[in-house]
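Remarks on the structure that follows.
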Amino acid sequence: NAGVTQTPKFQVLKTGQSMTLQCAQDMNHNSMYWYRQDPGMGLRLIYYSASEGTTDKGEVPNGYNVSRLNKREFSLRLESAAPSQTSVYFCASSAQVRTEAFFGQGTRLTVV
Amino acid sequence: GIQVEQSPPDLILQEGANSTLRCNFSDSVNNLQWFHQNPWGQLINLFYIPSGTKQNGRLSATTVATERYSLLYISSSQTTDSGVYFCAVEGGSQGNLIFGKGTKLSVKP
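Structure (structure tokens):
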């Protein structure tokens, strides 16, 4: 049982490049989330999708876009990467909003 | 918005010792979770505990929602317990988790 799977695990980008982080869950969860983790800051919400077909901004959405491709998949796109987006990115899912959340293994992104 | 404070920020233990980690939150919540982030960065669910007490092996947790705090107990600590322990509570209309800054635990052999 894979749970929440993120790809890639590591990525180095040059300033201005674009990329998409992929996330898929196999728990038939309705809600999915993207967080970023920075040193000393804990995790902060970037975007979330309460259910298939809906997406909403979180605490730190600037510079990102998301797509809820279907119930299983929720992708995060950086259109023009900036050094300030160097971080560890986590995808999470939960059965519904306000229920127990499960996290993927994270993607360590460095923008140079 | 809701504030989550964890204490202590850092903790060093000798293997076999017991410890208590604390999480205070500033408003009533319907969801509280404890996570362990291991040295490889993976976030592992420990407890989903909006209220009451739960136990899982050497770990247990208690949440007193009316007093806005939760405690995580680690007994007979092992080196594999090292890492960062996060408390997270549901915050705001979005239903997402608001994380504390964590307690970094180091267990020495």
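Protein chains in written order, with our numbering: chain X, -19 to 92; chain C, 104 to 212.
The beta-carbon is built from N, C-alpha and C at its ideal position, and this holds for glycine as well.
| Check | Outcome |
| --- | --- |
| Buried/exposed call for Leu49 (chain X), threshold 16 Cβ in 10 Å | exposed |
| Interface partners of Ala61 (chain X) on chain C, CB under 7 Å | Ordered by position in chain C, no residue passes the 7 Å Cβ test against Ala61 (chain X), which lies about 20 Å from the chain. |
| CA-to-CA distance, Ser173 (chain C) to Gln106 (chain C), given in whole angstroms | 14 Å |
| Span of the beta strand (DSSP E), counted from its first residue to its last, around Gly20 (chain X) | Counting along the chain, Gly20 (chain X) falls outside any beta strand (DSSP E), and DSSP gives it neither H nor E. |
| Beta-carbon spacing of Glu80 (chain X), Gln136 (chain C) below 8 Å | yes |
| Spatially closest choice to Leu149 (chain C) from C:Trp143, C:Pro142, C:Arg161, by CA coordinates | C:Arg161 |
| Among C:Trp143, C:Gln117, C:Val132, the one whose alpha carbon lies nearest that of Leu152 (chain C) | The sequence shown places Ile at residue 152 (chain C), rather than the Leu named in the question. Per the Cα distances, C:Val132. |
| 8 Å Cβ cutoff, Ala81 (chain X) in contact with chain C | yes |
| Chain C contact residues for Gly33 (chain X), given Cβ-Cβ distances below 9 Å | Going along chain C, no residue has its Cβ under 9 Å from Gly33 (chain X), so there is no contact; the nearest lies around 17 Å. |
| Environment of Gln17 (chain X) [buried if 16+ CB atoms lie within 10 Å] | buried |
| Chain C contacts made by the region 65 to 78 of chain X, where a contact means CB separation under 7 Å | Val68, Phe70, Val77, Arg78 |
| Interface residues of chain X facing Leu200 (chain C) [CB-CB closer than 7 Å] | Ala81 |
| C-alpha distance - Ser11 (chain X) paired with Ser47 (chain X), whole-angstrom precision | 13 Å |
| Proximity winner among X:Asp6, X:Gly22, X:Met7, relative to Val68 (chain X) (alpha-carbon distances) | X:Gly22 |
| Length of the line joining the Cα atoms of Pro63 (chain X) and Arg88 (chain X) | 13 Å |
| Run of the beta strand (DSSP E) containing Asp113 (chain C), from where it starts to where it stops | 113 to 117 |
| Beta-carbon proximity list for Phe202 (chain C), same chain, < 7 Å, skipping 5 on both sides | Val107, Phe189, Ala191 |
| Residue-level contact to chain C via CB, Tyr28 (chain X), 8 Å cutoff | yes |
| Near-chain A residues of the region 157 to 184 of chain C - C-beta to any C-beta below 8 Å | No chain A appears in the structure shown, which is made up of the protein chains X and C. |
| One or two residues paired with Leu174 (chain C) in a DSSP bridge | C:Arg125, C:Thr165 |
| Trp137 (chain C) - partner residues in DSSP beta bridges | C:Phe150, C:Cys190 |
| Any non-hydrogen atom of the ligand PLP closer than 7 Å to Thr206 (chain C) Cβ | Summarising the ligand content, the structure contains no ligands, and the ligand PLP is consequently not present. |
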